[in-house]
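**Student:**
Protein chains: 2
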Amino acid sequence: MNFEFQNPTRLVFGAGNLSRLGDVVSEYGKKALLVTGGGSVKRSGVFDKAVESLKAAGVEFVECSGIEPNPRITSVARGAEIARTEGCDVIVALGGGSVMDASKVISAATLYDGDPWNMIHHGQENVYVPTVALPVVTVPTLAATGSESNCGAVITNEETTVKSFIQIPLLYPKVAVVDPELTVGVPKDQTAYGICDLITHITEAYLNGIDNTPVQDRFAEGVILTAMEWGPKALANPSDVEARVQVQWSALVALNGWLQVGTDAPYPVHMMEHTVSAYHDITHAAGLSIINPAWMRFAAKSNTAKYVQFAERVFGLKANGPDDLDCALAGIDRFEEFLKSIGCPTCFSELGIGDELFETYAKDTLKIVSDGKGNLPGRPFLSVEDMVEIFRSAL
Amino acid sequence: MNFEFQNPTRLVFGAGNLSRLGDVVSEYGKKALLVTGGGSVKRSGVFDKAVESLKAAGVEFVECSGIEPNPRITSVARGAEIARTEGCDVIVALGGGSVMDASKVISAATLYDGDPWNMIHHGQENVYVPTVALPVVTVPTLAATGSESNCGAVITNEETTVKSFIQIPLLYPKVAVVDPELTVGVPKDQTAYGICDLITHITEAYLNGIDNTPVQDRFAEGVILTAMEWGPKALANPSDVEARVQVQWSALVALNGWLQVGTDAPYPVHMMEHTVSAYHDITHAAGLSIINPAWMRFAAKSNTAKYVQFAERVFGLKANGPDDLDCALAGIDRFEEFLKSIGCPTCFSELGIGDELFETYAKDTLKIVSDGKGNLPGRPFLSVEDMVEIFRSAL
């Protein structure tokens, strides 16, 4: 383990904290760009409460609504234009992962004259690395992506059908105001996707990271166990605030860096999924739910000991030693059963996706991230053929 | 769970990183106050390497050596005086917990005209809360206190025999340069004390925190399990860098806030131990090793379910339900056996301490922290009689 780590985002966590939003935002600016997605924050009353809190604190705002579920670079450009024109000095992201991701990129795009797509890794020769950005305050309305307190964002270019990422310390939000009560009205399918999303964030680092990270392993297993215990409670009783609290906290720590630190892990399942959902407007977590178990079965053949540990510690199975592939696969089966039990899809056919573009997804994935020799980094590295085999096993 | 959290300390972690110290420090200042303890950093060659790195980066320095194992407020005042006189603009803490604690308080005392003891909680009417401090870079040479990346410090007033604390966000170090190779030469007894210290930091929050913190519980159990797995490896083979890495990372996360966040836990065992070690110049962790299991047996009677969870998850015991006190006590026995197995004392008599001052310790503890009704906060709250009973059971 040899790494640097710093997550400076201030967390304001707990039921009822939405009412503190205005006071928090007023520490960073006087006029906010209030970024939202579809109409759900308005239908639920969350938008009105946020506005009330901003007004009470004397914070002006202008709206940038309509951020898509897979946020587009054109929306980023639109938000930045509004922020510039209106003279906003702080960004408030009120929504799910897409709103928060878009807001982070808007925060840098507002202070950049060029095309914001230059900031997103998409195989270009020189990625533009911004050095200034407006302060961002995130208010997640879903427990899922962990975007509220990390420095990453995933953006889609609808013209070129490329979905890719930016991840730089500049984009850490100043504050995450996390009020689990906001998730009480989240429908069952989105709640389940959030649980799948957060667990997949964990399995990526856990299964693709370096060896000998015992603390990180225990953290990862602990958050997976917590999500598997409290997630179904939130699904069974959507207004169970305690369950919403535990799922939200699990989602936040799943991707704020505490579990990933020092693991030096690539995210092959995410890379593959991003390519798939660039072609099909599916929920990110639905794609993850399909690809992750299929990928695990492929990867367990070469990284068996880690999957045995997963099977033993998360599912209480008992292996005959660290090379017990049967036990490793049984753990993956149990994991897939869990995903099914909460209503997540585990085959492409469930989403009406056929095998026509499997090779295209694989090749496109390599355009975003590659080892330079035609392989996707991970444990193990994956060729186009490997990826197609994984996709096909999830057909 | 309703809390705010922010730990802004940048971590530079990994074997060999001492050579980067100068570059890191040069980001924050041009002239460092280099704070050290006894002669061990000089005998081990660590001091020379640190100096070499500072010089290579063009950072001047003046020394403040001789910080005591239980750092004294007079040493803080001395360090601040040197920093002021010499015009230091950054503090480098090269040593164990006492050096790092003293350095953090020096960083604020340098910019404060009053008596630095005003900053330390000792029952005074108005605690002085500093608002400015020099930047601090910590370089731990022990894996123990976690002081390298938190905002607390414990200081002793040798005149009044009071040992107490300050804990404010201002005192977060800017950077922790954590090089586990520096701990390879740490003697066995100090290595064992470090393991005890880090585990006690965890049990305090785990056993005194609020209910329903499942993620934090898993984190806590995970770090204890890791310390119990890798600690004995570091003791068996002191030059096993991998074991030193895992123990050091465990010690850091044990008290950087990730495990404690949201638990709202008081630290009764620490409060009692500080009073004992204010009277006897014993290693902090030796006092913890004696008091913690004794306190656990007392507390398990009223908080049984949590101790049952501890017994089951950390020691693999099987309980007959959450009120199985026998199982809870068996877990504590196993924990005490572990402490003995690594060479830590578990009775006062092992350190030549009798029962003469038990009531004094208890009463003095309440002078530092009390609920206003003569009880020490914790689960359960402890009266003077309770504390004396706990001390006596560890005689």
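First to last, the protein sequences are chains A and B. Residue numbering for the first sequence follows our numbering, starting at 1 and increasing by one per position. Residue numbering for the second sequence follows our numbering, starting at 396 and increasing by one per position. Glycine included, each C-beta is placed from N, C-alpha and C at the ideal position.
Just list the residues that DSSP pairs LEU777/B with in beta bridges.
**Tutor:** What you label residue 777/B is simply residue 382 of the second sequence in a count that begins at 1. Paired residues: LEU771/B.
**Student:** To the nearest angstrom, report how far apart GLY114/A and HIS274/A are at their CA atoms.
**Tutor:** For the purposes of this step, residue 114/A is identified with residue 114 of the first sequence, where counting begins at 1. For the purposes of this step, residue 274/A is identified with residue 274 of the first sequence, where counting begins at 1. Looking at the two C-alpha atoms, the distance is approximately 25 Å.
**Student:** Quick check: the Cα distance between LEU11/A and THR555/B, rounded to an integer number of angstroms?
**Tutor:** Residue mapping note: residue 11/A aligns to position 11 of the first sequence, counting from 1. Residue mapping note: residue 555/B aligns to position 160 of the second sequence, counting from 1. Near 39 Å, if we compare the C-alpha coordinates of THR555/B and LEU11/A.
**Student:** Tell me where the beta strand (DSSP E) around GLN167/A begins and ends.
**Tutor:** The count along the first sequence starts at 1 and reaches residue 167/A at position 167. Counting along the chain, the beta strand (DSSP E) containing GLN167/A begins and ends at 162–167.
**Student:** Quick one: what's LYS426/B bridged to in DSSP?
**Tutor:** For the purposes of this step, residue 426/B is taken as residue 31 along the second sequence, with counting starting at 1. Answer by DSSP bridge pairing, in chain order: GLU455/B.
**Student:** Quick check: the Cα distance between TYR112/A and VAL105/A, rounded to an integer number of angstroms?
**Tutor:** Counting from one through the first sequence, the residue named residue 112/A turns up at place 112. Counting from one through the first sequence, the residue named residue 105/A turns up at place 105. Spanning the two alpha carbons is a distance of roughly 11 Å.
**Student:** List, from N- to C-terminal side, the beta strand (DSSP E) runs of 3 residues or more that fit wholly inside the segment 83–113 of chain A.
**Tutor:** The segment 83–113 of chain A contains these whole beta strand (DSSP E) runs: 90–95.
**Student:** Closer than 7 Å by C-beta to VAL253/A: which residues in its own chain qualify, once you throw out the five before and the five after it? Chain order, please.
**Tutor:** Counted from its first residue, the first sequence places residue 253/A at position 253. So the qualifying residues of the chain are VAL223, LEU259.
**Student:** Under the three-state reduction of DSSP, which class applies to ASN208/A: helix, strand or coil?
**Tutor:** Reading the first sequence from its first residue, position 208 is the one you call residue 208/A. Of the three classes helix, strand and coil, the one that applies to ASN208/A here is helix, per DSSP.
**Student:** Below 8 Å on the Cβ atoms is my guess for ILE550/B versus SER559/B; work out the distance and round it to an integer in Å.
**Tutor:** Locating residue 550/B in the second sequence gives position 155, where the first residue counts as 1. Locating residue 559/B in the second sequence gives position 164, where the first residue counts as 1. The pair is a contact, with the Cβ atoms about 7 Å apart (cut-off 8 Å).
**Student:** Mind checking whether ALA503/B and ALA528/B have CB atoms under 7 Å apart?
**Tutor:** Stepping through the second sequence from its first residue, residue 503/B is reached at position 108. Stepping through the second sequence from its first residue, residue 528/B is reached at position 133. It is a contact, given that the beta carbons lie within the stated cut-off.
**Student:** What's the C-alpha gap between VAL186/A and ALA57/A?
**Tutor:** The residue you call residue 186/A lines up with position 186 of the first sequence. The residue you call residue 57/A lines up with position 57 of the first sequence. One C-alpha to the other measures close to 28 Å.
**Student:** CB-CB under 7 Å to LEU376/A, same chain, minus the five flanking residues each way: which ones, in chain order?
**Tutor:** Here residue 376/A corresponds to residue number 376 of the first sequence, with the count starting at 1. Same-chain partners within the cutoff: PRO268, MET271, THR365, LEU366, VAL369, SER370, LEU382, MET387.
**Student:** Since THR699/B is in the alpha helix (DSSP H), which residue starts that stretch and which ends it?
**Tutor:** Your numbering for residue 699/B matches position 304 in the second sequence. Segment 699–710, the alpha helix (DSSP H) holding THR699/B.
**Student:** Hey, how far is the Cα of GLY146/A from the Cα of GLN167/A?
**Tutor:** Numbered from 1 along the first sequence, position 146 holds the residue referred to as residue 146/A. Numbered from 1 along the first sequence, position 167 holds the residue referred to as residue 167/A. Taking the straight line from one Cα to the other gives about 13 Å.
**Student:** I need the boundaries of the beta strand (DSSP E) containing GLY409/B, first residue and last residue.
**Tutor:** Here the question's residue 409/B lines up with position 14 in the second sequence. Segment 405–409, the beta strand (DSSP E) holding GLY409/B.
**Student:** Check the Cβ of GLU4/A against every Cβ in chain B and list those closer than 8 Å, keeping chain order.
**Tutor:** Taking the first sequence and counting its residues from 1, the one referred to as residue 4/A is at position 4. Per Cβ cutoff of 8 Å: ARG405, LEU406, VAL407, PHE408.
**Student:** For the segment 593–612 of chain B and the segment 440–454 of chain B, state whether three or more C-beta atom pairs, one from each stretch, are separated by less than 8 Å.
**Tutor:** In short, these stretches do not touch, since the Cβ pair count stays below three.
**Student:** So, does the CB of PRO568/B fall closer than 7 Å to a CB anywhere in chain A?
**Tutor:** Residue numbering aside, residue 568/B sits at position 173 when the second sequence is read from its first letter. For PRO568/B, the answer is no, since every Cβ of chain A falls outside 7 Å of its Cβ.
**Student:** Got a sec: is the Cβ-Cβ distance from MET1/A to anything in chain D below 7 Å?
**Tutor:** The structure shown contains no chain D; its protein chains are A and B.
**Student:** Just to make sure I have the definition right: I need the residues of chain A whose C-beta is within less than 7 Å of the C-beta of VAL648/B. Which are they?
**Tutor:** What you label residue 648/B is simply residue 253 of the second sequence in a count that begins at 1. Ordered by position in chain A, the residues that pass the 7 Å Cβ test against VAL648/B are VAL215.
**Student:** From VAL534/B, TYR423/B, ILE468/B, THR480/B, pick the residue whose C-alpha is nearest to that of LEU413/B; which is it?
**Tutor:** Here the question's residue 413/B lines up with position 18 in the second sequence. Checking every option, the nearest Cα to that of LEU413/B belongs to VAL534/B.
**Student:** Hey, how far is the Cα of GLN216/A from the Cα of THR263/A?
**Tutor:** Walking along the first sequence from the start, residue 216/A turns up at place 216. Walking along the first sequence from the start, residue 263/A turns up at place 263. Cα to Cα, GLN216/A sits roughly 8 Å from THR263/A.
**Student:** Output, in chain order, the set of chain A residues within a Cβ distance shorter than 8 Å of GLU476/B.
**Tutor:** For the purposes of this step, residue 476/B is taken as residue 81 along the second sequence, with counting starting at 1. Those within 8 Å of GLU476/B in chain A number zero; the least Cβ separation is about 32 Å.
**Student:** Please list, in chain order, the residues of the segment 648–675 of chain B that have any C-beta partner in chain A closer than 9 Å.
**Tutor:** Of all residues in the segment 648–675 of chain B, VAL648, TRP653, VAL656, GLY657 have a Cβ within less than 9 Å of some Cβ in chain A.
**Student:** Which one or two residues does DSSP pair with ALA571/B in a beta bridge?
**Tutor:** Here residue 571/B is taken as the residue at index 176 of the second sequence, counted from 1. Looking at the DSSP assignment, ALA571/B forms a beta bridge with LEU406/B, THR533/B.
**Student:** At which residues does the beta strand (DSSP E) containing THR360/A begin and terminate?
**Tutor:** Within the first sequence, residue 360/A is the residue found at index 360, counting from 1. That residue, THR360/A, is in no beta strand (DSSP E); its alpha helix (DSSP H) goes 358–368.
**Student:** For ASN2/A, which of helix, strand or coil comes out of DSSP?
**Tutor:** Taking the first sequence and counting its residues from 1, one reaches residue 2/A at position 2. Note: ASN2/A maps to strand in three-state DSSP.
**Student:** Which of the three DSSP states, helix, strand or coil, is assigned to ASP153/A?
**Tutor:** Counting from one through the first sequence, the residue named residue 153/A turns up at place 153. Looking at the sequence itself, residue 153/A is Ala, so the reference to Asp does not match. Strand, per DSSP.
**Student:** What residues of chain B sit near ARG218/A, judged by a beta carbon separation below 8 Å?
**Tutor:** Within the first sequence, numbered from 1, the residue matching residue 218/A stands at position 218. Going along chain B in sequence order, the residues near ARG218/A (Cβ under 8 Å) are ARG613, PHE614, GLU616, GLY617, VAL618, LEU620, THR621.
**Student:** Under 9 Å between beta-carbons, which chain B residues line up against ASN212/A? List them in chain order, please.
**Tutor:** The residue labelled residue 212/A in the question sits at position 212 within the first sequence. Ordered by position in chain B, the residues that pass the 9 Å Cβ test against ASN212/A are GLU637, VAL640, GLN641.
**Student:** Assuming VAL487/B and ALA539/B are in contact, meaning their beta carbons sit under 8 Å apart, how far apart are those beta carbons, in whole angstroms?
**Tutor:** Translated into the one-based positions of the second sequence, residue 487/B becomes position 92. Translated into the one-based positions of the second sequence, residue 539/B becomes position 144. Their Cβ separation, rounded to whole angstroms, is 19 Å, which puts VAL487/B and ALA539/B out of contact at 8 Å.
**Student:** Just mark ASN687/B as buried or exposed, buried being the case when its beta carbon has 16 or more other beta carbons within 10 Å.
**Tutor:** Looking up residue 687/B in the second sequence gives position 292. Under this definition ASN687/B is a buried residue.
**Student:** Could you spell out the range, first to last residue, of the alpha helix (DSSP H) harbouring TYR279/A?
**Tutor:** Looking up residue 279/A in the first sequence gives position 279. Residues 268–279.
**Student:** From the beta carbon of TRP512/B, is the nearest beta carbon of chain A less than 7 Å away?
**Tutor:** On the second sequence, position 117 is the one that residue 512/B refers to. Closer than 7 Å: no.
**Student:** Using C-beta distances below 7 Å, list every residue in its chain close to SER672/B, excluding the 5 sequence neighbours before and after it, in chain order.
**Tutor:** Locating residue 672/B in the second sequence gives position 277, counting from the first residue. Once the five neighbours on either side are set aside, the close Cβ partners of SER672/B are ASN465, LYS558, HIS679, GLY682.
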